[in-house]
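**Q** Residue numbers (numbering that gives the first Met the number 0): 0 to 241.
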Amino acid sequence: MTNGFSRLCRIAVATACVAGVAGAQPPAPPRKPQMADTIRANVYADNTFELYVNGELVAVDSIRFIPHNVISIDLLPKYPMTIAVLARDNADPRTGMEYANTNVGDGGFILKFGDGTVTSRVWKAKCFSRGPVGGDTQNPRVENTPLPPDWFAEGFDDGDWKPAREYSEREIDPKQPYYDADFAGAKFIWTDDVKLDNVVVFRHVVPGPPDGRERPDFSNLNDVVPQGPPRGGGRRSGGRAR
Ligand SMILES: [Ca+2]
Ligand SMILES: [Ca+2]
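(1) Please list the segments of the beta strand (DSSP E) lying wholly inside the stretch 83-156, counting only runs of 3 or more residues, in order along the chain.
(2) Could you tell me which residues DSSP pairs with P162 in its beta bridges?
(3) Hey, how far is the Cα of P79 from the Cα of N138?
(4) Using beta-carbon positions only, say whether S71 and N41 come within less than 7 Å of one another.
(5) Does the structure place the stretch 191-206 close enough to the stretch 75-95 that three or more beta carbon pairs sit under 8 Å?
(6) In the DSSP output, which residue or residues are listed as bridge partners for H203?
(7) If the criterion is Cβ atoms closer than 7 Å, does the pair R87 and T47 meet it?
(8) Of all residues in the structure, which have a C-beta closer than 6 Å to any heavy atom of ligand 4, taken in chain order?
(9) Where does P206 land, buried or exposed, given buried means 16+ other C-beta within 10 angstroms?
(10) Between I171, K123, S119 and P147, which lies nearest to G104 when the distance is taken from Cα to Cα?
(11) Give the range of the alpha helix (DSSP H) segment to which D179 is assigned.
(12) Could you tell me whether any non-hydrogen atom of ligand 1 is closer than 6 Å to the CB of N197?
(13) Which residues mark the beginning and the end of the beta strand (DSSP E) in which R39 is found?
(14) If we count the other Cβ atoms within 10 Å of its Cβ and call it buried at 16 or more, is N197 buried or exposed?
(15) DSSP beta-bridge partners for T47?
(16) Which residue's Cα is closest to the Cα of P92: G130, T101 and H67?
(17) Expressed to the nearest angstrom, what Euclidean distance is found between the alpha-carbon atoms of E284 and A58?
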């Protein structure tokens, strides 16, 4: 009786261990994602940007200078969602000025996702190139800081970065494409110096969907066995290659 009981206990422990290992693996997504699972992202930069979400490059501004344009893309969200943006004001890399070194331009960045994610002062901001230093347009020079290689990564430590500063529409003076897109609730952001800071990185982690809507996690799509017959010469378990 005792031996039988201890054997049962060993089986129970072994089963629990197997279940524990299986439970440690991320759950497979419930189904294939549809376009209804995506969220629309609207992004406007004065003058250009690269957008990373969860460590992946998802959008590059297709117009580097003018006209000032809005980039709209579809995203398949996964939370927590790490957003990292490399934003650039149009500036000569040797002087920090523009229009044949006759003008000091200003920056500005704003973003809104369909889940309610918006830019604001809770984002982090850091300058990596500024000029003309001190606003000296007679002897213009720039100060550059190398970008950390993993500035866009999910685990990057931005703990000592300052909060972004919010700017009004009047201060940034966005052009018409901004008004044609949905940026309601979002704030223009930059560092503390919207004129001289020309290359700026913004970072923000969205812990969960701001609109409270539950969304499936589709990040493990490769773990799903397809329902239909394999295509392209793939092989299914127990089946023949086609
Ligand atoms: Ca500038
Ligand atoms: Ca500009």
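Think of the CB as a built atom: it goes at the ideal place given N, C-alpha and C, for glycine as much as any other residue. It should be emphasised that the depicted structure is a prediction, and the values quoted were computed from it without experimental measurement.
**A** Checking against the coordinates, here is how it stands:
(1) If you keep only unbroken beta strand (DSSP E) runs of at least 3 residues inside the stretch 83-156, you get 108-112 and 123-129.
(2) For the purposes of this step, residue 162 is identified with residue 163 of the sequence shown, where counting begins at 1. In the DSSP output, where bridge partners are listed per residue, P162 has K123.
(3) Reading the sequence shown from its first residue, position 80 is the one you call residue 79. Reading the sequence shown from its first residue, position 139 is the one you call residue 138. N138 has its alpha-carbon roughly 46 Å from the corresponding atom of P79.
(4) Indexing the sequence shown from 1 puts residue 71 at position 72. Indexing the sequence shown from 1 puts residue 41 at position 42. With respect to N41, S71 sits close: the two C-beta atoms are nearer than 7 Å.
(5) With a cut-off of 8 Å, the stretch 191-206 and the stretch 75-95 count as touching, because enough Cβ pairs lie within range.
(6) As a working mapping, residue 203 is identified with position 204 in the sequence shown. According to DSSP, which records beta bridges pairwise, H203 is partnered with I82.
(7) Along the sequence shown, read from residue 1 onward, the residue named residue 87 stands at position 88. Along the sequence shown, read from residue 1 onward, the residue named residue 47 stands at position 48. Yes, the Cβ-Cβ distance between R87 and T47 is below 7 Å.
(8) With respect to small molecules bound, the structure shown includes ligand 1 and ligand 2 and not ligand 4.
(9) Position 207 of the sequence shown, counted from the first residue, corresponds to residue 206. Per the 10 Å Cβ criterion, exposed.
(10) As a working note, residue 104 is residue 105 in the sequence shown. Of the listed residues, the one whose Cα sits closest to G104 is I171.
(11) If you number the sequence shown from 1, residue 179 lands on position 180. Element bounds for D179: Q175 to D179.
(12) Walking along the sequence shown from the start, residue 197 turns up at place 198. Checking every heavy atom of ligand 1 against the Cβ of N197, one is found closer than 6 Å.
(13) Mapped onto the sequence shown, residue 39 falls at position 40. Start and end: I38 to A44.
(14) Position 198 of the sequence shown, counting from 1, holds the residue named residue 197. A buried status is given to N197, since no fewer than 16 other beta-carbon atoms sit within 10 Å of its beta-carbon.
(15) Numbered from its first residue, the sequence shown carries residue 47 at position 48. Paired residues: R87.
(16) Working through the sequence shown from its first residue, we reach residue 92 at position 93. For the residues G130, T101 and H67, the minimum Cα distance to P92 belongs to G130.
(17) The requested residue 284 is not part of the displayed model; the chain covers only 0 to 241.
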